[in-house]
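Worksheet for the structure shown next.
Protein chains: 2
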Amino acid sequence: MLKLTKKVDYALLALSFLSQQEEGQVVNIREVSEAYQIPTEILAKVLQRLSKKGILQSHHAPKGGYSLKKPARNVSILDVINAIDGSVGILSCSDGHEKTCQQIDNCDIRSPLERIQGKIMWLLEDMSLEEFIHSEPTTGGVLHGSINLLGQPR
Amino acid sequence: MLKLTKKVDYALLALSFLSQQEEGQVVNIREVSEAYQIPTEILAKVLQRLSKKGILQSHHAPKGGYSLKKPARNVSILDVINAIDGSVGILSCSDGHEKTCQQIDNCDIRSPLERIQGKIMWLLEDMSLEEFIHSEPTTGGVLHGSINLLGQPR
DNA sequence: TTAATAACAGACCATTTTGGTCTGCGATTA
DNA sequence: TAATCGCAGACCAAAATGGTCTGTTATTAA
Ligand code: SF4
Ligand code: SF4
Numbered sequence: 032m033l034k035l036t037k038k039v040d041y042a043l044l045a046l047s048f049l050s051q052q053e054e055g056q057v058v059n060i061r062e063v064s065e066a067y068q069i070p071t072e073i074l075a076k077v078l079q080r081l082s083k084k085g086i087l088q089s090h091h092a093p094k095g096g097y098s099l100k101k102p103a104r105n106v107s108i109l110d111v112i113n114a115i116d117g118s119v120g121i122l123s124c125s126d127g128h129e130k131t132c133q134q135i136d137n138c139d140i141r142s143p144l145e146r147i148q149g150k151i152m153w154l155l156e157d158m159s160l161e162e163f164i165h166s167e168p169t170t171g172g173v174l175h176g177s178i179n180l181l182g183q184p185r
Numbered sequence: 032m033l034k035l036t037k038k039v040d041y042a043l044l045a046l047s048f049l050s051q052q053e054e055g056q057v058v059n060i061r062e063v064s065e066a067y068q069i070p071t072e073i074l075a076k077v078l079q080r081l082s083k084k085g086i087l088q089s090h091h092a093p094k095g096g097y098s099l100k101k102p103a104r105n106v107s108i109l110d111v112i113n114a115i116d117g118s119v120g121i122l123s124c125s126d127g128h129e130k131t132c133q134q135i136d137n138c139d140i141r142s143p144l145e146r147i148q149g150k151i152m153w154l155l156e157d158m159s160l161e162e163f164i165h166s167e168p169t170t171g172g173v174l175h176g177s178i179n180l181l182g183q184p185r
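Respectively, the protein sequence lines represent chains A and B.
Under the working numbering, the first residue of the first sequence carries the number 32, and numbering increases by one thereafter.
Under the working numbering, the first residue of the second sequence carries the number 32, and numbering increases by one thereafter.
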């Protein structure tokens, strides 16, 4: 059903929060947790993941916490999703762990689906964390024309 | 993790199969099931769904079966996904059944996420079943220009 | 030196979603 | 009027996800 997981949501919220801090400011889990009402334990997992994947820098000490490791413009949304969920993929058959889809031999829709998948990847790759955060609700996407095409208020 | 469900896969396979038939030719579940090794019962569900949503025409009789109700160029991939999975959505909070996401009050990522969602929707809406099926691995969707808006080749 | 603070690690369980099965009914036509 | 097909929905099993618990390790300030 093409839904982002809650953990990715948490990750993006946390990253958003961190981006709003002053340069080099470290923030601990509790602060983020309180800012958004996210259970600390699971948030911890999420941040650990981001740290392990090189998106966050952890400061492993009292008065420590996390800070962005790279400038926000160098982190894509796809990076974040990949860090949390593992590889993204529209298809059940793609990339490596091909769990032997029963249909794979007779399948004539794989390549078109891969093209769609590619487009989505590209879209996610193309959007940096910085762009993501500083987007204005009104301007932003409308210019891109994306929203208007989706349907009119009925 | 952004994965299409197996049922959508089945639906697309079946639609692909049906598109390859002669005009007005009806095909029953068994034939599709055999063509792709899909369990008949679940395929039945999927086709029923497509029929109820106006994508397929059912012929409720011996020697009956299914046929496309509309020309393939008038059916989008999004239509198919919607028919099978219900509403598509990247977000947990969007469209109607807002299951009171705990974060919704303090959430500062909703609108950017909605923009991404919009782009994906558009992309899926923009691709017709016809285009989907007849796509050459290399050419294909580029002509519609949808891709270009999503970012430039770097 | 040591106690407090914070991240790290992983097992673990509960809930939801998904894939798939079963059982029976309804429409059409030869 | 019986065979062939779709229709409908309850039902179950497996997987994915969300969330909890228990404990360990690194750093620093008292
Ligand atoms: S059906 Fe075709 S596309 Fe879908 S998973 Fe199996 S092989 Fe990949
Ligand atoms: S976090 Fe924000 S975006 Fe994600 S679901 Fe809750 S409200 Fe919607």
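C-beta atoms are modelled at their ideal positions from N, C-alpha and C, and glycine is treated no differently.
- Within the stretch 106-120 of chain A, those residues whose Cβ lies closer than 9 Å to any Cβ of chain B are, in chain order, I108, I112, D116, G117, S118, V119 and G120.
- With a threshold of 8 Å between beta carbons, N59 (chain A) makes no contact with chain B.
- At a cut-off of 7 Å, the beta-carbon of L144 (chain B) counts as near ligand 2: some heavy atom of the ligand is closer than that.
- By DSSP's assignment, L99 (chain A) forms a beta bridge with A:L87.
- In this structure, G95 (chain B) lies near V57 (chain B), with their beta-carbon atoms less than 8 Å apart.
- Among the residues of chain A, those whose CB is under 9 Å from the CB of L122 (chain B) are K34, L35 and D40, following chain order.
- Here the alpha carbons of L109 (chain A) and C132 (chain B) stand approximately 23 Å from one another.
- Taken through DSSP and simplified to helix, strand or coil, V119 (chain A) comes out as coil.
- K150 (chain A) counts as buried, since no fewer than 16 other beta carbons sit within 10 angstroms of its beta carbon.
- Between V106 (chain B) and L49 (chain B), the gap from beta carbon to beta carbon reaches 8 Å or more.
- Residue pairing for S107 (chain B): DSSP places it in a beta bridge opposite B:S159.
- Only residues of its own chain outside the window of five on either side were considered, and among them K38 have a CB closer than 8 Å to the CB of K76 (chain A), listed in chain order.
- DSSP places K38 (chain B) inside the alpha helix (DSSP H), whose first and last residues are K37 to S50.
- DSSP links V58 (chain B) through a beta bridge to B:Y97.
- For N113 (chain B), the secondary structure class from DSSP, reduced to helix, strand or coil, is helix.
- Y97 (chain B) is outside the set of residues whose beta carbon lies under 8 Å from a beta carbon in chain A.
- A buried status is given to A114 (chain A), since no fewer than 16 other beta-carbon atoms sit within 10 Å of its beta-carbon.
- The beta carbon of Q134 (chain B) sits closer than 7 Å to at least one heavy atom of ligand 2.
- Pairing H90 (chain B) with G55 (chain B), the inter-Cα distance amounts to about 11 Å.
- Scanning chain A for C-beta atoms nearer than 7 Å to the C-beta of Q133 (chain B) yields Q68, reported in chain order.
- Residue burial is scored here from C-beta neighbours: G120 (chain A) has at least 16 other C-beta atoms within 10 angstroms and is therefore classed as buried.
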